[in-house]
Amino acid sequence: MIMPLFVGEPHELQAVEMALKASGYLFLALCNHDQQGLPPRQMIHPLGCVALLLQHSPSTDGRLKILVQGLNKATIRSFVQTQPFYAVAVHSDPEGEPAKLDPSVLLLMNRVRSSGIKWFVLHGMYAQDAEIILESATTPERLADLVIADLRLSADTRHQLLTITDPKEKLRKTYDLLLQQLEQSQIKAEIRFEADEAIHRRHRDRYLREQLRAIRRELGELDDEDDLSHYRTRVEQLRLPKEARTEALRQLRRLQQMHTDAAEAAVIRSYLDWLVELPWQKSSRDGLNLRAAQQILDDNHYNMAPIKERVLDFLGVCKLKRRIKGPILCLVGPPGVGKTSLGRSIAKAMGRKFVRIALGGLRDEAEIRGHRRTYLGSLPGRIIQGIKTAGTNNPVFMLDEIDKVGSDFRGDPAAALLEVLDPDHNRTFSDHYLNVPFDLSRVLFLTTANSTDTIPRTLLDRMEVLHLSGYSDGEKQAIALHHLVPRQLREHGIPPSLVKFSSTALLDVIQGYTHESGVRNLEREIAKLCRKVARKLASGLHGPFAINRRSLTEYLGPPRYVHDLDQDCAPVGVALGLAYTPMGGALLRIEVAVMPGSGNLILTGQLGEVMKESAQAALSYVRSKSSSLGLQADFYSHVDIHIHLPSGAIPKDGPSAGIPLAAAMVSALCRRPIRPGVAMTGEISLQGKVLPVGSLKEKSLAAIRASLKEVVVPKLNDRELQELAAEFTRHLTFVPVTHLDEVLEYVVMS
352 MIMPLFVGEP HELQAVEMAL KASGYLFLAL CNHDQQGLPP RQMIHPLGCV
402 ALLLQHSPST DGRLKILVQG LNKATIRSFV QTQPFYAVAV HSDPEGEPAK
452 LDPSVLLLMN RVRSSGIKWF VLHGMYAQDA EIILESATTP ERLADLVIAD
502 LRLSADTRHQ LLTITDPKEK LRKTYDLLLQ QLEQSQIKAE IRFEADEAIH
552 RRHRDRYLRE QLRAIRRELG ELDDEDDLSH YRTRVEQLRL PKEARTEALR
602 QLRRLQQMHT DAAEAAVIRS YLDWLVELPW QKSSRDGLNL RAAQQILDDN
652 HYNMAPIKER VLDFLGVCKL KRRIKGPILC LVGPPGVGKT SLGRSIAKAM
702 GRKFVRIALG GLRDEAEIRG HRRTYLGSLP GRIIQGIKTA GTNNPVFMLD
752 EIDKVGSDFR GDPAAALLEV LDPDHNRTFS DHYLNVPFDL SRVLFLTTAN
802 STDTIPRTLL DRMEVLHLSG YSDGEKQAIA LHHLVPRQLR EHGIPPSLVK
852 FSSTALLDVI QGYTHESGVR NLEREIAKLC RKVARKLASG LHGPFAINRR
902 SLTEYLGPPR YVHDLDQDCA PVGVALGLAY TPMGGALLRI EVAVMPGSGN
952 LILTGQLGEV MKESAQAALS YVRSKSSSLG LQADFYSHVD IHIHLPSGAI
1002 PKDGPSAGIP LAAAMVSALC RRPIRPGVAM TGEISLQGKV LPVGSLKEKS
1052 LAAIRASLKE VVVPKLNDRE LQELAAEFTR HLTFVPVTHL DEVLEYVVMS
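With the sequence shown counted from 1, adding 351 to any position gets you this note's numbering.
Shown next, in the form of structure tokens:
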């Protein structure tokens, strides 16, 4: 192997001069001496290489450039001369005839050649030349030396490889080093290629942009200066608030000083687009015709008198005072009662734009407040996006499913909504993206929820809660006749003259094929009936078709819900309670069994803590009144009482089951049946007082759906009872009570 060397030390120059006069051989060895002068003998490694001096020539820096050819390894036997340079006697092991190689060594040599070709090609050599060079090495040691000579290795590493006497081991270590450096070189080559591609792409983009700019100038279209003038004109024309105007002009100055191809320029343009496109001063005129607004609400929604009254009251105030803060209304009710559609009707009645965003499952605060412009792809929050979509600064803005907002490490959206839904603070609402205040005080915010239990108290305090009750069967029947059936006939392309829905058939659909507080599933069943009729019309049959009780089974199959509570029988230890869930009112069947035991109270049916405490309170009251109930004073120590609420997979909680729990317990202990067809709701105290409960209308609707006739309710719910008595007088009889003794006297039969 031939390579150049530079020598400059006096003793090195003298050694080269002596070699030129003599045989021309030099001994090359590694020396751990970094100072000038002749190194000590112990600093010189004994193992080195015998080399033949081929050429020499002076260099421009005063050193001597020599060209040497390595011949073979050698070991110093003795130092023949020590001044002014070293002369040594060496023992050399010349290469003999190549021995026969075993298969593993041949396989390793092939791998080294394959990787070596890749290495040489990466460093500018043709593959054919690299293959010829590596194929010329017929021994493992010779092949290793060829590869080592071209690798980027330190002197210590090269010397370590030189000291290895086993050819196979030397070739294996060489292969490992080759793979490491080959991988590094490939990574560097990929990075260099990607960098070159990026530079080429930037040059190409710049060239194309210059061409596009020239074409646009030829066509008379806007160039960058015209673009800036356009933004400046829009900012001047719009009546922006002071903070927004100042920020817009500041961003315009920044954009003017930037190169058009800068990444920040695109961010500023996007920001300016948002600023100039927002409706800072654009408002829609409120429709102040109260009679027309009343007609729109009545046409689109059945009943809902309190909410209609609230909207009309707001319009009345707007008629007297033009500038008024928009109310923040929270519509709470079970699914399918028309909360979202009511928002659209309110917007239509007021003559405003309607915007709706769904908050269900929202967990990121930035969805409300927006992302800061430092983030890639940042945008304003959904509030500002909705305002831009509406095009006015006073739309009806519905925040749907506000009770299902979550929170995680990215923040709490409910906390961000505190500013949005505060009439005193949303005048200066600041989105993180805009970073300037925007006035939301003229927006009419509507929120919807199935329950207020999961809404944070601070957020609930900012809203005016309006409860939407579930519908009775009669109300559902009227809604179906006047709203759902006409809409489904239009959507299915069926002329109204070809289909006749009877009111009795609709009532059967309500009672036998749906079980809900709203009308969502009812509309699905009506749509199913319309599809059956549409199929017959498409098959060539001619109408008209009658949807009556006889045809329901043909179209919808047998009824799915059968309300059979064995009202004619009077079971012992079984009472009916009423509960309220996010899905509306529900019926609770409470079963009590008494068995010999040691005074244990067993509660099953997945009861919550509040309901368990109600059961404990009911038992304590029964024990305190044991003598008047005809029970022994120590009856509790001889029996176990098991209270079970069926549908054990459904969690149950709340205080309103106190009355039915106590009644069922007394019935089981005294072996006296409960009056059939009676449901109960009410909380009890240890003194037997019956305390008021909420959601009485939804619970009453659940009793009507179950075909019950009487409901025992707290007398303290008197105001709500007066409203319900007028509405449900044909279906239910309310029995108001103030004390548990009255309940037991009425429902526990003798």
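Don't be surprised by glycine CBs; every beta carbon is placed ideally from N, CA and C.
The model shown is predicted, which means the values in this text are computed figures rather than measured ones.
Enumerate in chain order the residues of its own chain whose CB-to-CB distance from residue i is below 7 Å, with the five nearest sequence positions on each side excluded.
i     : result
G447  : Legend: pLDDT at G447 = 49, less than 50; position of this residue unreliable, value from coordinates given subsequently. Answer for G447: no residue qualifies.
I675  : V668, C669
G1028 : Q918, L1059, K1060, E1061
D790  : N744, R778
V498  : V463, G467, T525, L529
L1108 : The structure shown does not extend to residue 1108, since the chain is modelled only from 352 to 1101, so the question has no answer here.
P397  : T426, I427
C881  : Q839, L840, H843, I845
By DSSP's criteria, residue i is part of a beta bridge. Which residues make up the other side?
i     : result
P409  : L415
D751  : A709
K1040 : H1090
F430  : V439
Q420  : I353, L403
V1063 : M1031, V1086
A800  : V683
G759  : For the record, residue 759 in the displayed sequence is Asp; it is not Gly. DSSP output for D759 lists G762 as bridge partner(s).
F789  : F780
P1024 : V923
If I measure Cβ to Cβ from residue i and keep anything under 8 Å in the same chain, skipping five residues before and after, which residues do I get?
i     : result
Q434  : L389
Y837  : Contrary to the premise, residue 837 reads as Pro rather than Tyr in this sequence. Counting only Cβ-Cβ distances below 8 Å, and skipping sequence neighbours, we find P847.
L1091 : Y972, I1010, A1013, I1035, G1039, K1040, V1041
S978  : A984
A616  : L606, M609, H610
Residue i: which of the options sits nearest, CA to CA?
i     : options                 : result
V1094 : A969, A1000, I994       : A969
S868  : F986, R464, G684        : G684
V860  : A546, N383, H834, I898  : I898
Y376  : L880, L811, H396, A425  : A425
D775  : L1072, N801, I679       : I679
A698  : L639, G399, T489        : L639
V313  : R503, L835, Q1073, G894 : Since the first residue of the chain shown is 352 and the last is 1101, residue 313 is not available in this structure.
G712  : Y437, R720, I738, D759  : D759
M1118 : M609, L381, V439, M394  : The first residue shown for the chain is 352 and the last is 1101, placing residue 1118 beyond what the model contains.
G1024 : P922, T932, K963        : It should be pointed out that residue 1024 corresponds to Pro in this sequence rather than to Gly. If we check each option's Cα against that of P1024, P922 comes out closest.
G981  : D453, Q386, C1021       : C1021
T932  : I538, Y726, I738, S802  : S802
Could you give the residue range of the beta strand (DSSP E) that holds residue i?
i     : result
P355  : 353 to 358
R940  : 935 to 947
Y376  : 376 to 382
L927  : 925 to 932
H995  : 990 to 995
L1104 : Lying outside 352 to 1101, the shown extent of the chain, residue 1104 is not represented and no answer is given.
H818  : 815 to 818
A897  : 896 to 898
Which residue comes first and which comes last in the alpha helix (DSSP H) that contains residue i?
i     : result
P764  : 764 to 771
T855  : 854 to 863
V1017 : 1009 to 1021
A878  : 871 to 889
H362  : 361 to 372
E867  : Premise fails: E867 is in no alpha helix (DSSP H) and is neither H nor E.
V463  : 454 to 473
I830  : 824 to 830
A488  : Neither: A488 is in no alpha helix (DSSP H) and is coded neither H nor E.
R624  : The sequence as given places Asp at residue 624; Arg does not occur at that position. It spans 614 to 628 - the alpha helix (DSSP H) in which D624 sits, taken as one unbroken run.
V836  : 836 to 842
Leaving out five residues on either side along the sequence, give the residues of the same chain with a beta carbon under 6 Å from the beta carbon of residue i.
i     : result
H993  : A944, I953
L1047 : N1068, E1071
N872  : T865
Could you tell me whether the region 625 to 636 touches the region 741 to 760, using the rule of 3 or more Cβ pairs below 8 Å?
yes
Please confirm if the region 1062 to 1075 is in contact with the region 1030 to 1042, defined as three or more CB-CB distances below 8 Å between the two stretches.
yes
How about the region 636 to 656 and the region 596 to 609: do they share at least three Cβ pairs that are nearer than 8 Å?
no
Quick check: the region 930 to 942 against the region 977 to 996, are at least 3 beta-carbon pairs closer than 8 Å?
yes
Quick test of the definition: if touching needs 3 or more C-beta pairs under 8 Å, does the region 688 to 701 touch the region 809 to 824?
yes
Any contact of the region 765 to 773 with the region 782 to 799, i.e. 3+ C-beta pairs under 8 Å?
yes
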